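According to this note's numbering, the residues represented by the sequence shown are 16 to 105, in order. Working notes for the structure below.
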Amino acid sequence: MIQMAAISEVVRKCKAALESHYGSQLKGLILYGSVARNQADSMSDIDLLVLLSKPFDYFSELRQVIDVLYPIQLESEQLISAKPVPPDEF
16 MIQMAAISEV VRKCKAALES HYGSQLKGLI LYGSVARNQA DSMSDIDLLV LLSKPFDYFS
76 ELRQVIDVLY PIQLESEQLI SAKPVPPDEF
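Right under this line is the structure:
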């Protein structure tokens with residue numbers, strides 16, 4: 016079972032890194048999937064929706080999100096699956 020305190024710390028670091036990269040264009044993060052449902056196991060990833068206020072090309076923005084979060088994945092040894100979305104699509 017994944018420790019929720021460790022997950023919370025990873026999500027906090029993700030938010031800080033994305034805020035540093037996007038500034039006010041970052042409108043929020045939404046945790047979803049098995050971790051959010053408290054059903055995660057040792058093979059689970061951390062699923063995040065990255066809410067952005069600006070229009071964007073999905074694949075270009077996805078690459079940026081991956082690049083920003085990659086160091087956190089290495090440090091935490093947790094797979095992070097983050098997808099950029101405009102807030103009006105959620």
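Here a beta-carbon is modelled for each residue, glycine too, at the ideal position from N, C-alpha and C. Just so it is clear, the structure is predicted and the values come from calculations on it, not from any experiment.
For this session: Give me the Cβ distance between L46 and D62, rounded to the nearest whole Å; I'm assuming they're in contact under 8 Å.
Result: Confirmed, about 7 Å.
Exercise. When the Cα of F71 is compared with those of A21, E90, E104, which residue comes out closest?
Worked result: That would be E104, whose Cα lies nearest to the Cα of F71.
Problem set entry | Closest residue to K30 among L84, E92, Q79 (Cα-Cα distance) | Each of L84, E92, Q79 was checked against the Cα of K30, and the nearest Cα belongs to L84.
Exercise. Where does L66 land, buried or exposed, given buried means 16+ other C-beta within 10 angstroms?
Worked result: Answer is buried; the Cβ neighbour count reaches 16.
Exercise. Buried or exposed: E76, going by 16 or more other Cβ atoms within 10 Å of its Cβ?
Worked result: Buried is the label assigned to E76, since at least 16 other Cβ atoms lie within 10 Å of its Cβ.
Exercise. Taking DSSP as the reference, what is the three-state secondary structure of D82?
Worked result: Collapsing the DSSP output to three states places D82 in a helix.
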